[in-house]
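Notes follow once the structure below has been shown.
Numbering (this note's numbering), first residue to last: 8 to 237.
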């Protein structure tokens with residue numbers, strides 16, 4: 008069973024006919040949201056879905072930003088932590104995946120890559136935090152790791168981070184996009200941000216098992232795959 012219709016829900020399409028797992032991928036898509044209503048709506052939907060499927064394993068997608076000290080007061084991050092806590096206290100069998108920034112065929116303008124690509128191509132002014140880092144992951148790689156974990160019944164009743172072992176300086180991401188499209192973005196540097204400390208050690212054996220290559224060309228491969236030049 009899959010709940011949701013966004014990028015992650017679409018990736019888990021094969022689970023629609025799975026009667027033993029609920030893939031809950033219906034959440035607030037904009038991490039900058041500050042209104043209370045969408046957060047409350049997600050919680051109530053989760054409660055409703057679980058009430059009707061309490062015999063199944065619940066799979067929930069949270070955010071690795073919970074461990075980022077810069078984001079601790081962000082309403083989206085606080086909401087995700089509250090959702091995690093509710094699941095831990097109320098659900099019999101679950102796995103919580105803390106994701107970073109999955110990149111795929113997605114028109115959501117609020118994702119990291121889409122934001123930068125759209126602003127660079129349109130020459131729209133934007134601000135870059137010169138000390139900030141972001142963790143970028145191909146949605147296909149994310150799915151392969153999550154699917155392996157679910158298929159092998161790993162991390163039962165646990166929270167597990169699914170992320171790229173390497174985080175990238177935001178300014179490097181911007182330059183990669185500029186170089187790929189051969190155009191200069193209209194941005195201003197701001198002396199803000201910090202490094203990310205994301206622990207991917209628990210999934211390192213899975214990454215090796217699946218032969219996923221997070222090499223120096225990883226961002227370039229994502230651009231070639233999901234952002235074809237016109």
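Backbone N, C-alpha and C define an ideal beta-carbon position, used for all residues, glycine too.
Those residues which DSSP pairs with residue i across a bridge
| i | result |
| --- | --- |
| residue 236 | According to DSSP, which records beta bridges pairwise, residue 236 is partnered with nothing at all. |
| residue 175 | 141 |
| residue 136 | 197 |
| residue 105 | 69, 168 |
| residue 110 | 145 |
| residue 9 | 30 |
| residue 64 | 28 |
Neighbourhood of residue i by C-beta, 6 Å cutoff - its chain only, sequence neighbours within 5 removed
| i | result |
| --- | --- |
| residue 148 | 219 |
| residue 19 | 9, 30 |
| residue 187 | 230 |
| residue 126 | 133 |
| residue 159 | none |
| residue 193 | 130, 132 |
Residue from the options whose Cα sits closest to the Cα of residue i
| i | options | result |
| --- | --- | --- |
| residue 170 | 72, 65, 26 | 72 |
| residue 146 | 166, 109, 47 | 109 |
| residue 70 | 160, 183, 125, 32 | 32 |
| residue 150 | 214, 83, 59 | 214 |
| residue 100 | 191, 21, 206, 162 | 162 |
| residue 62 | 47, 26, 87 | 26 |
| residue 51 | 141, 86, 129, 142 | 86 |
| residue 140 | 130, 126, 120 | 120 |
| residue 107 | 157, 68, 92, 47 | 68 |
| residue 136 | 165, 104, 94, 180 | 180 |
| residue 105 | 122, 124, 117, 84 | 84 |
| residue 212 | 123, 156, 130, 11 | 156 |
| residue 195 | 154, 117, 22, 131 | 131 |
| residue 198 | 210, 190, 11, 138 | 138 |
| residue 190 | 93, 55, 128, 43 | 128 |
Residues of its chain near residue i, where Cβ-Cβ distance is below 7 Å and the 5 sequence neighbours each way are ignored
| i | result |
| --- | --- |
| residue 60 | 8, 29 |
| residue 98 | 57, 65 |
| residue 7 | Nothing can be reported for residue 7, as the shown portion of the chain is limited to 8 through 237. |
| residue 123 | 180, 181, 184 |
Any non-hydrogen atom of the ligand MN within 8 Å of residue i CB
| i | result |
| --- | --- |
| residue 221 | Of the ligands one can find in the structure shown there are none, so the ligand MN has no counterpart to examine. |
Residues of its chain near residue i, where Cβ-Cβ distance is below 8 Å and the 5 sequence neighbours each way are ignored
| i | result |
| --- | --- |
| residue 165 | 102, 103 |
| residue 12 | 33 |
Proximity test, Cβ basis, 9 Å: residue i and chain C
| i | result |
| --- | --- |
| residue 127 | Of the chains in the structure shown, none is chain C; there is only one protein chain. |
Could you tell me which uninterrupted alpha helix (DSSP H) segments, each at least 4 residues in length, are contained entirely in the stretch 12 to 38, listed from first to last along the chain?
Whole alpha helix (DSSP H) segments, 4+ residues: 14 to 18.
Would you call the stretch 79 to 90 and the stretch 107 to 127 in contact, with 3 or more CB pairs under 8 Å?
Touching, no, given that fewer than three Cβ pairs across the two stretches are closer than 8 Å.
Touch check for the stretch 165 to 184 and the stretch 198 to 206: three-plus C-beta pairs under 8 Å?
By the Cβ test, the stretch 165 to 184 is in contact with the stretch 198 to 206, since at least three Cβ pairs between them sit closer than 8 Å.
Would you list, in sequence order, the uninterrupted alpha helix (DSSP H) runs of no fewer than 4 residues that lie entirely inside the stretch 142 to 168?
Listed in chain order, they are 146 to 158.
Along the chain, which unbroken stretches of the alpha helix (DSSP H) at least 4 residues long are found entirely within the stretch 181 to 226?
DSSP runs (the alpha helix (DSSP H)) wholly in the stretch 181 to 226: 211 to 216.
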